[in-house]
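Numbering (our numbering), first residue to last: 139 to 394.
Idealized CB from N, CA, C, for every residue including glycine.
These notes are about the structure you will find just below.
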């Protein structure tokens, strides 16, 4: 199975690294195309077996799967010259805001998968959202298998893509904002930056594992550790009094 990645920036690079790390993809079967020669050189240093080029038409020739990971405003420039070359390949587009109808105009015979992953794909922890058009069951199995190797996958309607972007792609930065704020709190109360980071990361990891393992709503687990009149409930009340929940909601709504 020959795979071509067009665009080796942050998101495209993260997805490719995750696919290779998961062993779902053999580097020798991958061609990366980018006009940024420095980016290509870095990718080649990481994976000497991959093929690199700045010629998109050459890159997609004979490809079974084409991963389109360019900025939205570059989609037309990239896709128009390779419309015929893509043929009936599987096209997986990571270009934010570019709809299936637009993609179909550039690749009318391809199986199209519009995808929103997030940067955690590199560490096999992405939350990816997918909308599909013109794909057989076999092609869906292949595409979902690739995306599933770097995290969780959820098929949704295109009308939900803006919400999914806010909650997951932007949401990963929102989560890290909380982590950073907690680290600052840890430093303020006397821990070194390194120790504060270790404590906060493990605490957040514990919260995630607890919720996944128990299947409980967060409120159930919060109540378990909130002793009446205790430190936890005092801290939670202080966070709410200072606008914590409102700030998170405002960020998500603004990002949608």
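Note to self: Going by DSSP in three states, residue 139 sits in which element: helix, strand or coil?
What the structure shows: When DSSP states are grouped into helix, strand and coil, residue 139 belongs to the coil group.
Next item on the list: Kindly indicate which three-state DSSP category residue 264 falls into: helix, strand or coil?
Entry: Note: residue 264 maps to strand in three-state DSSP.
Check: How many whole angstroms separate the CB atoms of residue 208 and residue 179, which I take to be in contact at a CB cut-off of 8 Å?
Finding: At roughly 19 Å, the Cβ-Cβ gap does not stay under 8 Å, so residue 208 and residue 179 are not in contact.
Check: For residue 253 versus residue 268, is the C-beta spacing smaller than 7 Å?
Finding: At the C-beta level, residue 253 and residue 268 come within 7 Å of one another.
Next item on the list: Return the residue from the list 264, 165 and 200 that minimises the CA-CA distance to residue 302.
Entry: 264
Item checked: Uninterrupted alpha helix (DSSP H) stretches inside the region 342 to 388 (no shorter than 4 residues) -> Segments of the alpha helix (DSSP H) lying fully in the region 342 to 388: 356 to 363 and 369 to 379.
Notebook entry, point to check: Would DSSP call residue 160 helix, strand or coil?
Noted result: coil
Note to self: When you compare the region 296 to 312 with the region 182 to 191, are there three or more beta-carbon pairs, one atom per stretch, that lie closer than 8 Å?
What the structure shows: no
Note to self: Checking the sheet assignment: what are the DSSP bridge partners for residue 289?
What the structure shows: 264
Margin query: Quick check: what's the CA-CA separation for residue 202 versus residue 293?
Written below: 21 Å
Checklist line | Local conformation of residue 236 per DSSP, three classes | finding: coil
Check: Quick one, are the C-beta atoms of residue 206 and residue 250 less than 7 Å apart?
Finding: no
Note to self: Cutting at 6 Å between CB atoms, please list the residues of its own chain near residue 271, excluding the five before and the five after it.
What the structure shows: 238 and 250
Check: Just the Cα atoms here: how many angstroms apart are residue 148 and residue 257?
Finding: 7 Å
Notebook entry, point to check: How would you write the range of the alpha helix (DSSP H) that residue 305 sits in, first residue to last?
Noted result: Bounds of any alpha helix (DSSP H) do not take in residue 305, whose DSSP letter is neither H nor E.
Next item on the list: Note down the Cα distance separating residue 349 from residue 210, rounded to an integer number of angstroms.
Entry: Computed Cα separation, rounded: 36 Å.
Margin query: Can you give me the C-alpha to C-alpha distance between residue 387 and residue 275, rounded to a whole angstrom?
Written below: A straight line joining the alpha-carbon of residue 387 with that of residue 275 spans about 38 Å.
Notebook entry, point to check: Based on Cα-Cα distance, which residue from 188, 389 and 299 lies nearest to residue 170?
Noted result: 188
Item checked: Within 7 Å, strictly: CB atoms of residue 282 and residue 291 -> yes
Check: What's the gap between the Cα of residue 295 and the Cα of residue 384?
Finding: 28 Å
Check: Contact check, residue 248 vs residue 226 under 8 Å by CB: the rounded distance?
Finding: 6 Å
Margin query: Please report the straight-line C-alpha distance between residue 321 and residue 373, rounded to a whole angstrom.
Written below: 15 Å
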